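S.K.: Structure incoming, see below.
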Amino acid sequence: MGFDGVELLHRQLASEEKSYLNGLKQRAFDKGLALPMLSIHQDFVSPQAADRQKDIDHTKHCVDLAAQLGIPCIRLNSGRWKTIKSFDDLMKAKGEEPPIAGFKEADAIKWCVDSIRAILPHCEAAGVKMALENHWGLTTKIPTLIDIWKQVNSPWLGINLDTGNYPDRYYEGIAQLAPHASIVQAKTYYGGGVWYTLDLDYKRIAKILREAKFHGWVSLEMEGKEDAMTAVPKSLKLLRESFA
Amino acid sequence: MKISITDAAGEAVGARLEGERRVKAEANANKKLEIDQLLKSFGVYPGLED
Numbered sequence: 004m005g006f007d008g009v010e011l012l013h014r015q016l017a018s019e020e021k022s023y024l025n026g027l028k029q030r031a032f033d034k035g036l037a038l039p040m041l042s043i044h045q046d047f048v049s050p051q052a053a054d055r056q057k058d059i060d061h062t063k064h065c066v067d068l069a070a071q072l073g074i075p076c077i078r079l080n081s082g083r084w085k086t087i088k089s090f091d092d093l094m095k096a097k098g099e100e101p102p103i104a105g106f107k108e109a110d111a112i113k114w115c116v117d118s119i120r121a122i123l124p125h126c127e128a129a130g131v132k133m134a135l136e137n138h139w140g141l142t143t144k145i146p147t148l149i150d151i152w153k154q155v156n157s158p159w160l161g162i163n164l165d166t167g168n169y170p171d172r173y174y175e176g177i178a179q180l181a182p183h184a185s186i187v188q189a190k191t192y193y194g195g196g197v198w199y200t201l202d203l204d205y206k207r208i209a210k211i212l213r214e215a216k217f218h219g220w221v222s223l224e225m226e227g228k229e230d231a232m233t234a235v236p237k238s239l240k241l242l243r244e245s246f247a
Numbered sequence: 088m089k090i091s092i093t094d095a096a097g098e099a100v101g102a103r104l105e106g107e108r109r110v111k112a113e114a115n116a117n118k119k120l121e122i123d124q125l126l127k128s129f130g131v132y133p134g135l136e137d
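Okay, here's the thing in structure tokens:
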């Protein structure tokens, strides 16, 4: 198809057995594909220390899986309050959730910072970096994401810049994150998005990233309703031309 | 610039919300085919969620 790599999702792995992981690594090499990132799912936004510890342990486990796969980075989320149950309602609120009663956003930021810090030694030992994403949750707000990243202040925590996870003013958000980005996930919406559609000008985005001296991976995420048989090649062509 | 691909439906917003995963996956089933084929050829088996 013309891609240079495949970004794996932890939840899609058929097995965590070493033989399976080694098989993936071997097939990637044979196909000339790099494995730049393993996207995992965890959530550090919980008042319960035991819940956070469970996700810290899960993240460490995923770091080990990435190391076995030869993947140098895992995608990390902040998590969210989960006070809005319906995703449609979350979109109506532009991704902003009220905190759990009795808590403030500063509490959640501290939970995230402390949790990530607890994982750092494991990352350094394994040689696997974490990349915190601007995602629907605490890190929907770009200043919050940058605040967490700066507080952690480690070369083992980078930022995964997603081009589509903004309630509004997305070029502004991309420009704010670009200087700090370790990897980019590039959304396309051919045929219209399932939840929403952003009209992203990738030449403009590529210019922002170039000016920010970004040289990392760009990972396509085609989220449109159009048949992938046509939408994925179109998306790849768009990205190739824009980032040429 | 090196370009990689990740699962189409996988990272869609809301996919990780409990109770919405199956709906999300069904909504994306038609457009996941090509990427699923790529991933399966690679030994990865996309599930109903990211």
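Taken in sequence, the protein lines are chains Z and E.
Per the working numbering, the very first residue in the first sequence carries number 4; after that it's consecutive.
Per the working numbering, the very first residue in the second sequence carries number 88; after that it's consecutive.
Heads up, the beta-carbon is just placed ideally off N, CA and C, and yes, glycines get one too.
Bear in mind the structure is a predicted one, so any value in this text is a computation, not a measurement.
#1: Going along the segment 4-30 of chain Z in order, which residues come within less than 7 Å of chain E, judged by CB to CB distance?
#2: Suppose you measure from the CA of A231(Z) to the CA of S91(E); what does that come to, to the nearest Å?
#3: Got a sec? Which residues, its chain only, sit under 7 Å from A70(Z) by beta carbon, not counting five neighbours each side?
#4: V110(E) by DSSP, collapsed to three states: which one?
#5: Along chain E, in chain order, which residues have C-beta atoms closer than 9 Å to that of L239(Z)?
#6: Applying the 10 Å Cβ sphere with the 16-neighbour rule, what's the burial state of L68(Z)?
#7: Count the other CB atoms, across all protein chains shown, that sit within 10 Å of the CB of T93(E); report buried if there are 16 or more and exposed otherwise.
#8: I'd like to know if A116(E) contacts chain Z, where contact means its C-beta is closer than 8 Å to some C-beta of that chain.
#9: My parser needs the beta strand (DSSP E) runs of 3 or more residues fully inside the segment 107-149 of chain Z; what are they?
#10: Would you tell me roughly how many angstroms separate the C-alpha atoms of C76(Z) and K89(E), rounded to the nearest one?
#11: Assess, as a yes-or-no matter, whether the segment 174-188 of chain Z is touched by the segment 142-156 of chain Z under the definition of 3 or more beta carbon pairs within less than 8 Å.
#12: Measure from the C-beta of V131(E) to each C-beta in chain Z and report whether the shortest distance is under 8 Å.
#13: Which runs of the beta strand (DSSP E), 3 residues or longer, sit entirely within the segment 34-61 of chain Z?
#14: Can V235(Z) and M40(Z) be called in contact, C-beta distance under 8 Å?
#15: Strictly under 8 Å for the Cβ-Cβ distance: is P39(Z) near chain E by that measure?
M.R.: So, to answer that:
#1: Close to chain E, meaning a Cβ-Cβ distance shorter than 7 Å, are the following residues of the segment 4-30 of chain Z: M4, F6, D7, G8, V9, E10, L11, L12, R14, Q15, L16, A17, G26, L27, R30.
#2: C-alpha separation (whole angstroms): 15 Å.
#3: Cβ within range, chain order: A129, G130, V131.
#4: In this prediction, V110(E) scores a pLDDT of 36, lower than 50, which makes its location untrustworthy; no coordinate-derived value is stated.
#5: Ordered by position in chain E, the residues that pass the 9 Å Cβ test against L239(Z) are I90, I92.
#6: By the neighbour-count rule (16 or more Cβ atoms within 10 Å), L68(Z) is buried.
#7: Counting Cβ neighbours within 10 Å, T93(E) comes out buried, since at least 16 surround it.
#8: Confidence at A116(E) is low in this model, with a pLDDT of 42, below 50, so the placement of that residue should be treated as unreliable; the coordinate-derived value is given next. Output row for A116(E): interface = no.
#9: Counting only runs of 3 or more, we get 132-136.
#10: It is roughly 15 Å from the alpha-carbon of C76(Z) to the alpha-carbon of K89(E).
#11: These segments touch.
#12: Residue placement at V131(E) cannot be trusted, given a pLDDT of 49 that sits under 50; what the coordinates show is reported in the next sentence. It does; some Cβ of chain Z falls within 8 Å.
#13: As for any beta strand (DSSP E) of minimum length 3 sitting wholly inside the segment 34-61 of chain Z, there is none.
#14: Against a cut-off of 8 Å, the Cβ pair of M40(Z) and V235(Z) comes out as no contact.
#15: Judged by the 8 Å Cβ criterion, P39(Z) is in contact with chain E.
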